Every structure is written in structure tokens, then in C-alpha cells.
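Remarks on the structure that follows.
Residue numbers (full-length UniProt numbering): 1 to 159.
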């Protein structure tokens, strides 16, 4: 069982996959849903402070390098697009926009992209981490419900 927990933890730390992939994988390998949720949230949040503090500097540094440049440029562009998306949807406030950006499990809108966007927009560290944390908790609830088949069951009942 420890191997399954470690796998869940590590998958939740991977960019793009994050908690959104870790919870369904964990449920698929018979990790109890509550355990999967807790482990995936912790794993997804561990990189957040490092992303906020260092990712932007690292990406700017590597963007013009021969081998890593294209990937680093792609990541920078993704963060900038995420930042612009947040600015345009920030009518209800940047904190709420960042929380929803991270919390609604759509492709490219996880903790990694949200934190990078917050860093690019110079949102404060504490505010960014809090918004990302709430978003990760929300995304985890949504993915947990989806993994448990709640949405499929509701669709079958109300169809």
C-alpha cells in the first residue's frame, strides 16, 4: 500500500498531471478516496512555494538556451497566458479568479500554471499560496467526486 501512496504523491507533483491525474490513478489502484485526496493535495502543494519564488527566474534564464530554450519559452508563454486569463476574469477579484483558475479542473489550469501566473502578475506570496491552496482543495473535491462516479451516477438518475 505504501508504494501506491508514494505513486499518488509523486504523480500529484508532476506538472500538467498534478492532483487531477493523481486522484483518478489512486482510486484506480485501490487507494481509499480520502487517503488519495489528502496525499494528492499535499503532493500538489509542495512545489507551489518553489514555483512562485524560483520558476519565473529559471524560465527567463533558460529561454534563450539552445537545448532547453524551446521548452522554457513554452512554459513562460503558458504562465503569461494564464496571467492574462486571470487579469481578464478578475472582475470579482484576483484572489477569486486565481482560486477558480486552479480549482476548476481544465487542461492547463492547475497549481503549477496558476502559481507561475501569480508570480508573473506579482501577486503577493501569501495571497498566491492561499488562493492556489483553496483551488487545489476544490479541484481535489471535483476529481474525487468524478473518480467516485458521482457525476456519472447523477447523470444516469437525471437523464
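Just so you know, even glycine gets a beta-carbon here, dropped at the ideal spot from N, CA and C. These figures come from a predicted structure and were not determined experimentally.
Run through DSSP, which three-state label would residue 49 get? On the chain shown, position 49 is the one that residue 49 refers to. DSSP places residue 49 in helix when its eight states are reduced to three.
Quick check: residue 118 and residue 128, are their CB atoms within less than 7 Å of each other? As a first step, residue 118 is located in the chain shown; it is residue number 118 there, counting from the start. As a first step, residue 128 is located in the chain shown; it is residue number 128 there, counting from the start. The answer is yes: Cβ separation under 7 Å.
Tell me which residues share the same chain as residue 99 and place their Cβ nearer than 6 Å to its Cβ, disregarding the 5 neighbours each side in the sequence. Translated into the one-based positions of the chain shown, residue 99 becomes position 99. Cβ neighbours of residue 99 within its own chain (closer than 6 Å, five residues either side excluded): 131, 134 and 135.
Between the beta-carbon of residue 22 and the beta-carbon of residue 11, is there less than 7 Å? Looking up residue 22 in the chain shown gives position 22. Looking up residue 11 in the chain shown gives position 11. Going by C-beta atoms, residue 22 is nearer than 7 Å to residue 11.
State buried or exposed for residue 109, treating a residue as buried only when at least 16 other CB atoms are found within 10 Å of its CB. Along the chain shown, read from residue 1 onward, the residue named residue 109 stands at position 109. Burial of residue 109 is indicated by the presence of at least 16 other C-beta atoms within 10 angstroms of its C-beta.
Beta-carbon contacts of residue 9 that lie in its chain and below 6 Å, excluding the five residues immediately before and after: Position 9 of the chain shown, counted from the start, is the residue given in the question as residue 9. Taken in chain order, the residues that qualify are 39 and 43.
Whose C-alpha, out of 96, 3 and 53, is nearest the C-alpha of residue 115? On the chain shown, residue 115 is found 115 positions in, with the first residue counted as 1. Among 96, 3 and 53, the Cα nearest to that of residue 115 belongs to 53.
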